[in-house]
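All remarks here apply to the structure that follows.
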Amino acid sequence: MRSSYLPIAIAVAVLAVLPLGTSSNTTLNFLSFALIVALAAQGWNILGGYGGQFSFGHAAFFGTGAYGMALLQVRFGINPWLALPLATLMGAAVGAAIGALSFRARLRGSYFALVTLAFAEVFRILANAWGFTGGAAGVLVPLRIEAANMQFADRATFYWLVLACVAAGLVLTQAMARARFGAWLVAVRENEEAARALGVDSLAVKLRAITLSSGITALAGGLYAQKFLYLDAGIAYGSWISVEALLAPIIGGLGTVFGPLVGALVLLGLGEATKIALGHALGGAVPGVDLVVFGVLLILCVAFAPRGLLGLGANVRRLLRRPV
Amino acid sequence: MSALLQVRGVTMRFGGLVAVDDAALDVAPGTITGLIGPNGAGKTTLFTVIAGFQTANAGSVAFAGEDVTALPAHTRALRGIARTFQIVQPFAGLSVRENIAVGAFLRHPSRGEAMARATAVGEAVGLGPLLDRPAGALTVAGRKRLEMARALATEPRLLLLDEVLAGLNPSEIRDMLPVVRRIRDDGVTILMVEHVMQAVMSLCDTVHVIAQGRMIAHGTPAEIARDPKVVEAYLGHGAARRLAGGADA
Ligand SMILES: Nc1ncnc2c1ncn2[C@@H]1O[C@H](COP(=O)(O)OP(=O)(O)OP(=O)(O)O)[C@@H](O)[C@H]1O
Ligand SMILES: [Mg+2]
């Protein structure tokens, strides 16, 4: 039983030593950013991958976590170490509320996806207009480098903090997948009617899932705010994070523990590599080229690896093991 | 002896169509009770009302002496009512064992116990060798057994079987009869919808007949086979002969 956590320990150990191999700030920033997206995607994967409820609007939770983190510090003077869990809870509360509204109304499939998208857009427009959130100018968290202030002189330290959250997300996902709640969530995804016949309260299961899911994605948002110390509505509630949180698990492997992490690293890694390569070749940045890479990856996955890279890997291993 | 299940005055309309019309029936504990009737008579609809999947326009359902009419399906499952689906509804992406375990989790919150329970129930209904297969890969007969296994894994007091023999060949049917009987012998009361008359005749203690939404007769299988109302409902002597032939077998 315990050995099912061994792959998590190995993956986290490998990721933990990465900063030792580089002193480049650009690389460390990229790695931190990729792990933040991976964490947001882990949140999405609970509801979308395990629960089969595809959200197009996880930006609503990411943004709430991000704004919560920034505003609790800037407007209320709350210490970031306290602000981060509070921002996580705020995101979870928003998730629970959106879940209660849409799941009680029996929304599923594309209707649910569109409603979440609409919520995220409404939040973006509100945050852009409201003075409290800094409006269109955004909100700046003052620079004060101090561990007690969750701002570190060494970029690797913040990377390790993000990695610790990703590790917690992996352990939580694995524990959930093996628990009764995970089995019920997957049952609801596979066939809600049959699940109810077996005593599963499908509404309660979906509400728990969206609360957990949005909390994790909000935590990623909070880390994002603290990493870059600046937010505006387009960053916090922008559709970019809804898209990346959903693409990473699809490309990595829906409803698997490692899918979001693998997907986020591949997605952002290839996007970044293409940006750099094309930048060199053409002598200037090509805006939006990473989106093209995301699109191509998605098409390739749908065509050749419908169960994601992890599913593809499992198939290849099985082929190799098969006696000739 | 008071009935385990008491259905009173249940009416279910779909638009202008009255699928179930003022239906009443009792199921005595420890019995296998049959519910038969022509296609479209309202049998499945009555099952969905009993199990809490549809709210009837009128009437009440009482289970173990308590009114459960207002309870949702999952709460009725917790009380001890389990159903199978006429159109099988496997969790196609999961293994057979995981499918059954979803049911077992209801009363065994720990994974180890739920899995052990799932294995035991799977073996009892003859799915032993297939437990690690994906449920989507099962044959029709396998899927019917899976429906039963999953429902049984919730450890019900009343099991509603909706045509679990439909689509099986004669030898598969012969294999299933002792399985159903053993479930009853283990203390589970069964209400079964079935078109396979030979099975109804050999398994059921009591049979209720529904036609065009109305309960038209009930009695022992032999009494039902002789009942002219029933013969009429099935429209023609072919049905009467089948019933009589089944009773002799
Ligand atoms: N959800 C629904 N909406 C509209 N009509 C329905 C619905 N469910 C059942 N019906 C209709 O109600 C009637 C009874 O259907 P039901 O499925 O209960 O019959 P049945 O006795 O189970 O038949 P069979 O032996 O073919 O399974 C049929 O005319 C059917 O078309
Ligand atoms: Mg039917």
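Just so you know, the sequences run in chain order C and A.
Going by this note's numbering, the letters in the first sequence line up with residues 1089 to 1412, in that order.
Going by this note's numbering, the letters in the second sequence line up with residues 54 to 302, in that order.
All C-beta atoms, glycine included, are put in the ideal place defined by N, C-alpha and C.
Would you say the beta carbon of residue i comes nearer than 7 Å to a heavy atom of ligand 1?
{"i": "lysine 96 (chain A)", "result": "yes"}
{"i": "glycine 93 (chain A)", "result": "yes"}
{"i": "alanine 72 (chain A)", "result": "yes"}
{"i": "glycine 90 (chain A)", "result": "yes"}
{"i": "phenylalanine 67 (chain A)", "result": "yes"}
Mind checking residue i: buried by the 16 CB within 10 Å criterion, or exposed?
{"i": "valine 1390 (chain C)", "result": "exposed"}
{"i": "asparagine 1403 (chain C)", "result": "exposed"}
{"i": "alanine 1171 (chain C)", "result": "buried"}
{"i": "valine 1384 (chain C)", "result": "exposed"}
{"i": "threonine 259 (chain A)", "result": "buried"}
{"i": "alanine 223 (chain A)", "result": "Checking the sequence shown, residue 223 (chain A) turns out to be proline, not alanine. Result: exposed."}
{"i": "valine 1380 (chain C)", "result": "exposed"}
{"i": "glycine 1378 (chain C)", "result": "First, the amino acid is wrong: residue 1378 (chain C) is aspartate here, not glycine. Buried: at least 16 other Cβ atoms inside 10 Å."}
{"i": "leucine 1370 (chain C)", "result": "exposed"}
{"i": "histidine 261 (chain A)", "result": "buried"}
{"i": "leucine 10 (chain A)", "result": "The requested residue 10 (chain A) is not part of the displayed model; chain A covers only 54 to 302."}
{"i": "serine 1111 (chain C)", "result": "exposed"}
{"i": "threonine 97 (chain A)", "result": "buried"}
{"i": "proline 1095 (chain C)", "result": "exposed"}
{"i": "glycine 1219 (chain C)", "result": "exposed"}
{"i": "phenylalanine 1200 (chain C)", "result": "buried"}
{"i": "lysine 282 (chain A)", "result": "exposed"}
{"i": "arginine 1192 (chain C)", "result": "exposed"}
So does residue i have its beta carbon nearer than 7 Å to some heavy atom of ligand 2?
{"i": "valine 63 (chain A)", "result": "no"}
{"i": "glutamine 107 (chain A)", "result": "no"}
{"i": "glutamine 139 (chain A)", "result": "yes"}
{"i": "valine 249 (chain A)", "result": "no"}
{"i": "valine 246 (chain A)", "result": "yes"}
{"i": "aspartate 215 (chain A)", "result": "yes"}
For a cutoff of 8 Å on Cβ pairs, would you count residue i as touching chain A?
{"i": "asparagine 1113 (chain C)", "result": "no"}
{"i": "valine 1412 (chain C)", "result": "Caution is warranted here: a pLDDT of 49 is assigned to valine 1412 (chain C), below 50, making its placement in the model unreliable, and no coordinate value can be reported."}
{"i": "alanine 1285 (chain C)", "result": "yes"}
{"i": "arginine 1296 (chain C)", "result": "no"}
{"i": "glutamate 1281 (chain C)", "result": "yes"}
{"i": "arginine 1266 (chain C)", "result": "yes"}
{"i": "valine 1345 (chain C)", "result": "no"}
{"i": "valine 1049 (chain C)", "result": "The first residue shown for chain C is 1089 and the last is 1412, placing residue 1049 (chain C) beyond what the model contains."}
{"i": "valine 1390 (chain C)", "result": "no"}
{"i": "glutamate 1360 (chain C)", "result": "no"}
{"i": "valine 1274 (chain C)", "result": "yes"}
{"i": "alanine 1271 (chain C)", "result": "yes"}
{"i": "glutamate 1332 (chain C)", "result": "no"}
Could you tell me whether any Cβ in chain C is nearer than 8 Å to the Cβ of residue i?
{"i": "proline 162 (chain A)", "result": "yes"}
{"i": "arginine 198 (chain A)", "result": "no"}
{"i": "arginine 203 (chain A)", "result": "yes"}
{"i": "alanine 300 (chain A)", "result": "A caution first: alanine 300 (chain A) carries a pLDDT of 48, below 50, which makes its placement in the model too unreliable to give a value."}
{"i": "methionine 65 (chain A)", "result": "no"}
{"i": "alanine 194 (chain A)", "result": "no"}
{"i": "leucine 124 (chain A)", "result": "no"}
{"i": "glycine 175 (chain A)", "result": "no"}
{"i": "leucine 131 (chain A)", "result": "yes"}
{"i": "phenylalanine 116 (chain A)", "result": "no"}
{"i": "threonine 207 (chain A)", "result": "yes"}
{"i": "arginine 170 (chain A)", "result": "no"}
{"i": "leucine 159 (chain A)", "result": "yes"}
Open item on the list: Across the segment 1286-1294 of chain C and the segment 1165-1174 of chain C, are there enough close Cβ pairs to call them in contact, namely three or more that are closer than 8 Å?
Closed with: Using a C-beta cut-off of 8 Å, the segment 1286-1294 of chain C makes no contact with the segment 1165-1174 of chain C, since fewer than three inter-stretch Cβ pairs fall below that distance.
Task: Secondary structure, alpha helix (DSSP H): runs of 4+ residues fully inside the segment 1357-1409 of chain C - done: 1377-1392, 1396-1409, all fully within the segment 1357-1409 of chain C.
- [ ] Kindly confirm or deny that the segment 1125-1134 of chain C and the segment 1305-1318 of chain C touch, where touching means at least three C-beta pairs closer than 8 Å.
- [x] The segment 1305-1318 of chain C and the segment 1125-1134 of chain C touch, with three or more beta-carbon pairs separated by less than 8 Å.
Open item on the list: Under 8 Å: do the segment 1321-1337 of chain C and the segment 1142-1150 of chain C share three or more Cβ pairs, one atom per stretch?
Closed with: With three or more CB-CB distances shorter than 8 Å, the segment 1321-1337 of chain C counts as touching the segment 1142-1150 of chain C.
TODO: Determine contact between the segment 214-228 of chain A and the segment 61-76 of chain A, defined as no fewer than three beta-carbon pairs at a distance below 8 Å.
DONE: When C-beta atoms of the segment 214-228 of chain A are compared with those of the segment 61-76 of chain A, fewer than three pairs fall below 8 Å, so the two segments do not count as touching.
Task: the segment 1246-1265 of chain C / the segment 111-123 of chain A touching (three or more Cβ pairs under 8 Å) - done: With the cut-off at 8 Å, the segment 1246-1265 of chain C and the segment 111-123 of chain A do not touch.
Task: In chain order, each alpha helix (DSSP H) run of at least 4 residues that lies wholly inside the segment 78-135 of chain A - done: Here the runs fully enclosed are 96-104, 126-132.
TODO: Please go through the segment 1145-1216 of chain C and give each complete alpha helix (DSSP H) segment of 4 or more residues, from N-terminal end onward.
DONE: If we require 4 residues or more, the alpha helix (DSSP H) runs fully inside the segment 1145-1216 of chain C come out as 1147-1162, 1168-1192.
Open item on the list: Quick check: the segment 180-188 of chain A against the segment 135-149 of chain A, are at least 3 beta-carbon pairs closer than 8 Å?
Closed with: Verdict: yes, contact present.
Open item on the list: For the structure I just gave you, are there three or more beta carbon pairs, one from the segment 1173-1182 of chain C and one from the segment 1329-1344 of chain C, closer than 8 Å?
Closed with: Cβ pair count under 8 Å is below three, so no.
Open item on the list: Would the segment 1340-1350 of chain C count as touching the segment 1360-1369 of chain C if we require 3 or more Cβ pairs under 8 Å?
Closed with: No, the segment 1340-1350 of chain C is not in contact with the segment 1360-1369 of chain C.
Open item on the list: I want to know whether the segment 227-239 of chain A touches the segment 90-107 of chain A - three or more CB-CB distances under 8 Å.
Closed with: Contact annotation: the segment 227-239 of chain A does not touch the segment 90-107 of chain A, with fewer than three C-beta pairs closer than 8 Å.
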